[in-house]
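Engineer:
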Amino acid sequence: MVERDAALRSYVQAKHDVAGLLRETRQLLEQCRAPGAARVQALLARLAEDQFNLTVLGQFKRGKSSLINAVVGQELLPVAAVPLTSVVTALRYGPAPRAVLRRRGFALPQEIPLAEIADYVTERGNPENAKGVLAAEIEAPVPFLRRGLRFIDTPGIGSLHAHNTVSAYATLPESDAAIVVTSAESPLTEAELAFLDTIRQHVRKVFFVLNKADQLDRGERAEVLAFTQAALARRLEVEGVRLFPLSAREALAAKRGNDAARLEASGLPAFESALAEFLSVERGAVFLTALLDRALRLLDGARMALDLTEAAHGQSETQAAERAHALDQQFQAREAARGAIVAEVEAALTAWRAPVFAPALGRFAAETGAALANALERQLAELGELAADDLYLRTRAWLSGWLVERGHAWLAAQAEPLATVANEQFAQAGSRLDELVARLARDAGTAVGLAPPRSASPPDAEDAAGWRPPDFDLERERRRLEAAGSGERQDDLAPMLPLPDGLARRVVRRMLERQARRGVEHLVAALGRGVDAYLALSVHELDLASHAALEAARRQLEAVLQPFGAGADAAQRRIALEALAARLERLRDALLSGTPLPPLAAPLPEPATEVPDGSPSALELASWSLAREAERGGCPLCAAAFAAVHDYLCHEQYELAVNSEARQALRAAGGLCALHTWHLEAVASPRGLSSGYPALLEHVAWRLQAAAALPAASARAQVARLLPSVERCPACEVRRRAEEASARRLAAELLTPAGRAAFERGDGLCLRHLHLMLGLLDDERAALLLRRQARRLTDVSEAMERYVLKLEARRRELLSDDDERAYLAALTLLVGEKRVW
Numbered sequence: 008m009v010e011r012d013a014a015l016r017s018y019v020q021a022k023h024d025v026a027g028l029l030r031e032t033r034q035l036l037e038q039c040r041a042p043g044a045a046r047v048q049a050l051l052a053r054l055a056e057d058q059f060n061l062t063v064l065g066q067f068k069r070g071k072s073s074l075i076n077a078v079v080g081q082e083l084l085p086v087a088a089v090p091l092t093s094v095v096t097a098l099r100y101g102p103a104p105r106a107v108l109r110r111r112g113f114a115l116p117q118e119i120p121l122a123e124i125a126d127y128v129t130e131r132g133n134p135e136n137a138k139g140v141l142a143a144e145i146e147a148p149v150p151f152l153r154r155g156l157r158f159i160d161t162p163g164i165g166s167l168h169a170h171n172t173v174s175a176y177a178t179l180p181e182s183d184a185a186i187v188v189t190s191a192e193s194p195l196t197e198a199e200l201a202f203l204d205t206i207r208q209h210v211r212k213v214f215f216v217l218n219k220a221d222q223l224d225r226g227e228r229a230e231v232l233a234f235t236q237a238a239l240a241r242r243l244e245v246e247g248v249r250l251f252p253l254s255a256r257e258a259l260a261a262k263r264g265n266d267a268a269r270l271e272a273s274g275l276p277a278f279e280s281a282l283a284e285f286l287s288v289e290r291g292a293v294f295l296t297a298l299l300d301r302a303l304r305l306l307d308g309a310r311m312a313l314d315l316t317e318a319a320h321g322q323s324e325t326q327a328a329e330r331a332h333a334l335d336q337q338f339q340a341r342e343a344a345r346g347a348i349v350a351e352v353e354a355a356l357t358a359w360r361a362p363v364f365a366p367a368l369g370r371f372a373a374e375t376g377a378a379l380a381n382a383l384e385r386q387l388a389e390l391g392e393l394a395a396d397d398l399y400l401r402t403r404a405w406l407s408g409w410l411v412e413r414g415h416a417w418l419a420a421q422a423e424p425l426a427t428v429a430n431e432q433f434a435q436a437g438s439r440l441d442e443l444v445a446r447l448a449r450d451a452g453t454a455v456g457l458a459p460p461r462s463a464s465p466p467d468a469e470d471a472a473g474w475r476p477p478d479f480d481l482e483r484e485r486r487r488l489e490a491a492g493s494g495e496r497q498d499d500l501a502p503m504l505p506l507p508d509g510l511a512r513r514v515v516r517r518m519l520e521r522q523a524r525r526g527v528e529h530l531v532a533a534l535g536r537g538v539d540a541y542l543a544l545s546v547h548e549l550d551l552a553s554h555a556a557l558e559a560a561r562r563q564l565e566a567v568l569q570p571f572g573a574g575a576d577a578a579q580r581r582i583a584l585e586a587l588a589a590r591l592e593r594l595r596d597a598l599l600s601g602t603p604l605p606p607l608a609a610p611l612p613e614p615a616t617e618v619p620d621g622s623p624s625a626l627e628l629a630s631w632s633l634a635r636e637a638e639r640g641g642c643p644l645c646a647a648a649f650a651a652v653h654d655y656l657c658h659e660q661y662e663l664a665v666n667s668e669a670r671q672a673l674r675a676a677g678g679l680c681a682l683h684t685w686h687l688e689a690v691a692s693p694r695g696l697s698s699g700y701p702a703l704l705e706h707v708a709w710r711l712q713a714a715a716a717l718p719a720a721s722a723r724a725q726v727a728r729l730l731p732s733v734e735r736c737p738a739c740e741v742r743r744r745a746e747e748a749s750a751r752r753l754a755a756e757l758l759t760p761a762g763r764a765a766f767e768r769g770d771g772l773c774l775r776h777l778h779l780m781l782g783l784l785d786d787e788r789a790a791l792l793l794r795r796q797a798r799r800l801t802d803v804s805e806a807m808e809r810y811v812l813k814l815e816a817r818r819r820e821l822l823s824d825d826d827e828r829a830y831l832a833a834l835t836l837l838v839g840e841k842r843v844w
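According to my numbering, the sequence shown holds residues 8 to 844 in order.
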């Protein structure tokens, strides 16, 4: 228990250290006007939630969902014999089983019964994610999921469903640790190893599981295990890789049947033991390390921008021209690559249209033709014995509306899969386009002779441009269909009007049947043109947006590389970036190496006996005026002292929120005295106090912990040193300096007639400040001051007596303001103003 408590305290301290560094990172990025401050804010949110994402990854049909079910001991996730999971699904702790969905087009999360989860997260229940599920979350009262753990199931990569691969890759930037699942029934593929390379760019801690080991005999299992371990070791360039062979299906059956022997034979307990040890010992360090890695990438980007400015500033005109030419060549290469990516998207969408959309449109044409023949028969029968011209006009209008409605309804059903395939292509192309844009910075660095960024990792998901195709506008397509129908050629009724009515009706019928067939053909053609126009618009917008992004990156780099903008400020910011990055790296390396962080019980400096000189400019009292203080009433030196302390505390509350040095200074001083602590509370925000005081609390905690080993008398003496002290209080020191400065000003003003007149109009001094003033005055002015003070005391005494007398006489209407405030004036004259002491 003691070791566990010590580990928890160490993690809490490290968490506070990371929070402080993240705040400094955000502040420095804002000062440098570098992008990323909002992303640091998101990292702080992750830290506050203390949410750890353990993601299960792998190729399709490796048994990822089955493994999660086996670990939690419940079949919470659907499993099947074909590629099933199509939506990222997270398991987290909750008091009762339930499922919550985030869906496209829904502003609020949607709760569904847990039994219906397969209808939304599987290819069988939600093919091609036609229901627009962005994420699914299952809550269950599983002890394994306590303390902020999210167990994330991902779609398998490499299946026929391309969107599954996209979804799996999208989870990587938010993953803190990963479980990579492969299968004993088929060796590792090159696609799996390539996926592992990408995983390692985002995740430091990876577990490897060889599932379905029960399908092999002992000899085959050993052979597959050795092959897989060797392949992983070669890819990771390490000597050995721990691989857990197991059968998730057997393990879940054993847990359900309470069969300990079968569970042991499944191989799951060994994996669970390693996982439990990681979550109890390493999880905190891995989680904090992931946050530090992301913060370092943001600092690295800001550092490179400043480096580029510095390097460009030192180049000659010839070098600048050569640099511009090199950058232009590199940009042209990137532009060509961008065009090739857009062309690939266009080809992919065209390739999708032929085997997927065209057959669907053909089926629609056949079904619509048959349905229209039947509907036309019913329509003609309903119209009865109308004259030929009325029959034609009314049926013709009905026919146009029927075709538009049927075409629009079919398009509405096709809109989701159409948007899905467009989104998939944009997502796949988007990651490559983001990389092209990001490489421009490295190109610029190379052009001015800079080393590449220290971070080899790709940009976080937040850095992506969020490439999305345009929405499929159904209303626009309805208008297109209506326009196509209204523009269709209509048969001329004039030649048949002289015909007998019965014959004319038969001719009209044949004309309408011909127009119905022709209408279906026109409708199908209009639908095809609408989809083609949408695909062409998507490609066009991708082309424009990607070109604009590349051009914007180029303009930004060219602005950075101009031979101005460097200098002292840039150099100082670069030094600050380097120093902060070094601190982030030191903490990260300590977490990675397992080096124990200084626990809460670490020795800290003794409280300072001298207060650091951090007085604000208000202490100079440049605007202090005896006349103004006399008009306000009360002791003028108390007013000056309060104003200085108030300004100091307002300044201090800000510094405590943003400046680690201010927090350490407060800790070194042992805090403020009781009075000024509550004055600080009155001007500071809860957030500022919560940022500024943890270091002091940790210091007091260490002192108390050290005192616990001493006898009671000695411990009491140790605790006495922790009590708030006016001698060590920085605000009290500010007050003392303000009193001395204002006393010197008052002594100088008393030399002048105007000063003496202003002092006469005032309320006098409190006894404490009278004592202070007498040490600064000669005999004449001291006597003047004492006589004035005596008169003031007498006046206040008389006012108090008048107050009591008028109250007793029940003559409140005779009370003056001086009478009613006399008791406050008396107390102020004796002990000073209550806001100061």
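No residue lacks a Cβ here, since even glycine has one placed at the ideal position from N, Cα and C.
Small disclaimer: the values here were computed from a predicted structure and weren't measured.
If you draw a straight line from the C-alpha of LEU772 to the C-alpha of ALA790, how long is it?
Structural biologist: Here residue 772 is taken as the residue at index 765 of the sequence shown, counted from 1. Here residue 790 is taken as the residue at index 783 of the sequence shown, counted from 1. Rounded to the nearest angstrom, the two C-alpha atoms are 14 angstroms apart.
Engineer: Secondary structure at LYS813, three-state DSSP: helix, strand or coil?
Structural biologist: Numbered from its first residue, the sequence shown carries residue 813 at position 806. Three-state DSSP puts LYS813 in a helix.
Engineer: Given a threshold of 16 other Cβ atoms within 10 Å of its Cβ, counted over all protein chains shown, does PRO90 qualify as buried or as exposed?
Structural biologist: Residue mapping note: residue 90 aligns to position 83 of the sequence shown, counting from 1. Only weak support is given to the placement of PRO90: the predicted model assigns it a pLDDT of 46, under 50, and the value that follows is read from those uncertain coordinates. Classification of PRO90: buried, given that the 10 Å Cβ count is 16 or more.
Engineer: If you follow the alpha helix (DSSP H) that GLY762 is part of, which residue opens it and which one closes it?
Structural biologist: As a position in the sequence shown, residue 762 is number 755, starting the count at 1. Looking at the DSSP string, the run of the alpha helix (DSSP H) that includes GLY762 is 760–768.
Engineer: For THR684, which of GLY80, SER190 and VAL843 has the nearest alpha-carbon?
Structural biologist: The residue you call residue 684 lines up with position 677 of the sequence shown. Here the closest residue by C-alpha is VAL843.
Engineer: Residues bridged to ASN60 by DSSP?
Structural biologist: Position 53 of the sequence shown, counted from the start, is the residue given in the question as residue 60. Note: ASN60 sits in a beta bridge opposite ARG157.
Engineer: According to DSSP, which residues form a beta bridge with ARG145?
Structural biologist: For the purposes of this step, residue 145 is taken as residue 138 along the sequence shown, with counting starting at 1. Strictly speaking, residue 145 in this sequence is Ile, with Arg absent from that position. Per DSSP, LEU98 and ALA106.
Engineer: Could you tell me which uninterrupted beta strand (DSSP E) segments, each at least 3 residues in length, are contained entirely in the stretch 241–309, listed from first to last along the chain?
Structural biologist: The stretch 241–309 contains these whole beta strand (DSSP E) runs: 250–252.
Engineer: Check whether the stretch 396–410 and the stretch 519–526 touch, using three or more Cβ-Cβ pairs below 8 angstroms as the test.
Structural biologist: Yes, since at least three Cβ pairs between the stretch 396–410 and the stretch 519–526 fall closer than 8 angstroms, the two stretches touch.
Engineer: Helix or strand or just coil, what does DSSP make of PHE234?
Structural biologist: In the sequence shown, counting from the first residue as 1, residue 234 sits at position 227. DSSP places PHE234 in helix when its eight states are reduced to three.
Engineer: Quick check on LYS841: buried or exposed, where buried means 16 or more other Cβ atoms within 10 Å of its Cβ?
Structural biologist: Against the sequence shown, residue 841 aligns to sequence position 834. Exposed: under 16 other Cβ atoms inside 10 Å.
Engineer: If we call anything under 8 angstroms between Cβ atoms a contact, is ALA238 one with LEU195?
Structural biologist: As a position in the sequence shown, residue 238 is number 231, starting the count at 1. As a position in the sequence shown, residue 195 is number 188, starting the count at 1. Going by C-beta atoms, ALA238 is nearer than 8 angstroms to LEU195.
Engineer: On a CA-only basis, which of CYS680, ALA755 and VAL546 is nearest ARG728? Give me that one, please.
Structural biologist: Locating residue 728 in the sequence shown gives position 721, counting from the first residue. Comparing Cα-Cα distances from ARG728 to each of CYS680, ALA755 and VAL546, the minimum goes to CYS680.
Engineer: Taking just the CA atoms, how far does GLY414 sit from LEU534?
Structural biologist: As a first step, residue 534 is located in the sequence shown; it is residue number 527 there, counting from the start. As a first step, residue 414 is located in the sequence shown; it is residue number 407 there, counting from the start. Distance between the alpha carbons of LEU534 and GLY414: 7 angstroms.
Engineer: Provide the residue span of the beta strand (DSSP E) that contains LYS138, from first to last.
Structural biologist: Residue mapping note: residue 138 aligns to position 131 of the sequence shown, counting from 1. That residue, LYS138, is in no beta strand (DSSP E); it is neither H nor E in DSSP.
Engineer: Quick check: what's the CA-CA separation for ARG536 versus LEU299?
Structural biologist: In the sequence shown, counting from the first residue as 1, residue 536 sits at position 529. In the sequence shown, counting from the first residue as 1, residue 299 sits at position 292. Taking the straight line joining both Cα atoms gives about 51 angstroms.
Engineer: Between the alpha carbons of SER698 and ALA664, how many angstroms are there, rounded?
Structural biologist: Position 691 of the sequence shown, counted from the first residue, corresponds to residue 698. Position 657 of the sequence shown, counted from the first residue, corresponds to residue 664. Roughly 5 angstroms between the two C-alpha positions.
Engineer: If you compare alpha carbons, which of TYR100, GLU118 and PRO362 is closest to GLU146?
Structural biologist: Your numbering for residue 146 matches position 139 in the sequence shown. Comparing Cα positions, the closest option is TYR100.
Engineer: Going by C-alpha distance, which of GLN386, GLN117, ALA378 and PRO424 is nearest LEU356?
Structural biologist: For the purposes of this step, residue 356 is taken as residue 349 along the sequence shown, with counting starting at 1. Checking every option, the nearest Cα to that of LEU356 belongs to PRO424.
Engineer: Just tell me which of ARG69, PRO180 and GLU192 has its CA closest to the CA of THR205.
Structural biologist: Within the sequence shown, residue 205 is the residue found at index 198, counting from 1. It is PRO180 whose Cα lies nearest to the Cα of THR205.
Engineer: Could you tell me how far apart the beta carbons of LEU530 and LEU488 are, in whole angstroms, since I believe they sit closer than 8 angstroms?
Structural biologist: Counting from one through the sequence shown, the residue named residue 530 turns up at place 523. Counting from one through the sequence shown, the residue named residue 488 turns up at place 481. Contact flag correct, Cβ pair sits at about 7 angstroms.
Engineer: Going by DSSP, what residue range makes up the alpha helix (DSSP H) through LEU390?
Structural biologist: As a working mapping, residue 390 is identified with position 383 in the sequence shown. That run of the alpha helix (DSSP H) goes 365–390.
Engineer: Could you give the first and the last residue of the continuous beta strand (DSSP E) run that contains THR205?
Structural biologist: Locating residue 205 in the sequence shown gives position 198, counting from the first residue. No beta strand (DSSP E) contains THR205, which is instead part of the alpha helix (DSSP H) from 197–209.
Engineer: What is the DSSP secondary structure of VAL733, counted as helix, strand or coil?
Structural biologist: For this step, residue 733 is matched to residue 726 along the sequence shown. VAL733 falls in the coil class under three-state DSSP.
Engineer: Going by Cα to Cα distance, which pick from LEU682, GLN725, HIS778 and PRO693 is closest to ALA738?
Structural biologist: The residue you call residue 738 lines up with position 731 of the sequence shown. Residue LEU682 is the option with its Cα nearest to ALA738.
Engineer: Quick test of your reading: VAL140 and ARG110, contact by CB under 8 angstroms. State the CB separation rounded to the nearest angstrom.
Structural biologist: Within the sequence shown, the letter at position 133 stands for residue 140. Within the sequence shown, the letter at position 103 stands for residue 110. Sure, about 5 angstroms apart at Cβ, within 8 angstroms.
Engineer: VAL707 to ALA714, Cα distance in whole Å?
Structural biologist: In the sequence shown, the residue the question calls residue 707 occupies position 700. In the sequence shown, the residue the question calls residue 714 occupies position 707. Distance between the alpha carbons of VAL707 and ALA714: 10 angstroms.
Engineer: Quick one: residues in its chain with C-beta nearer than 8 angstroms to the C-beta of VAL25, no 5 flanking neighbours on either side, listed in chain order?
Structural biologist: Within the sequence shown, the letter at position 18 stands for residue 25. So the qualifying residues of the chain are LEU54, LEU295, LEU298, LEU299 and LEU594.
Engineer: Starting from LEU217, follow the alpha helix (DSSP H) in both directions and report where the run begins and ends.
Structural biologist: Mapped onto the sequence shown, residue 217 falls at position 210. Not the alpha helix (DSSP H): LEU217 falls in the beta strand (DSSP E), residues 212–218.
Engineer: For ALA185, list the residues DSSP reports as bridge partners.
Structural biologist: If you number the sequence shown from 1, residue 185 lands on position 178. The partner list for ALA185 (beta bridge, DSSP) reads THR62 and VAL213.
Engineer: Give the straight-line distance between the Cα atoms of GLY43 and ARG33, rounded to the nearest whole angstrom.
Structural biologist: By one-based count along the sequence shown, residue 43 stands at place 36. By one-based count along the sequence shown, residue 33 stands at place 26. Looking at the two C-alpha atoms, the distance is approximately 8 angstroms.
Engineer: Spatial neighbours of THR616 within its chain, please: CB distance less than 6 angstroms, with the 5 preceding and 5 following residues excluded, ordered by chain position.
Structural biologist: By 1-based counting over the sequence shown, the position of residue 616 is 609. Note on THR616: pLDDT 37, under 50, position unreliable in the model; no value is reported.
Engineer: What is the C-beta distance between PHE215 and VAL187, in whole angstroms, given that I count them as a contact (C-beta under 8 angstroms)?
Structural biologist: Within the sequence shown, residue 215 is the residue found at index 208, counting from 1. Within the sequence shown, residue 187 is the residue found at index 180, counting from 1. With 8 angstroms as the limit, PHE215 and VAL187 qualify as a contact, their Cβ atoms being about 5 angstroms apart.
Engineer: Using DSSP bridges, identify the partner residues of GLU118.
Structural biologist: The count along the sequence shown starts at 1 and reaches residue 118 at position 111. In the DSSP output, where bridge partners are listed per residue, GLU118 has VAL107.
Engineer: If you reduce the DSSP assignment to three classes, tell me which class THR835 lands in.
Structural biologist: Position 828 of the sequence shown, counting from 1, holds the residue named residue 835. Three-state result, THR835: helix.
Engineer: Let me know the secondary structure DSSP gives ILE164 once reduced to three states.
Structural biologist: Here residue 164 corresponds to residue number 157 of the sequence shown, with the count starting at 1. Looking at ILE164 - three-state DSSP - the assignment turns out to be strand.
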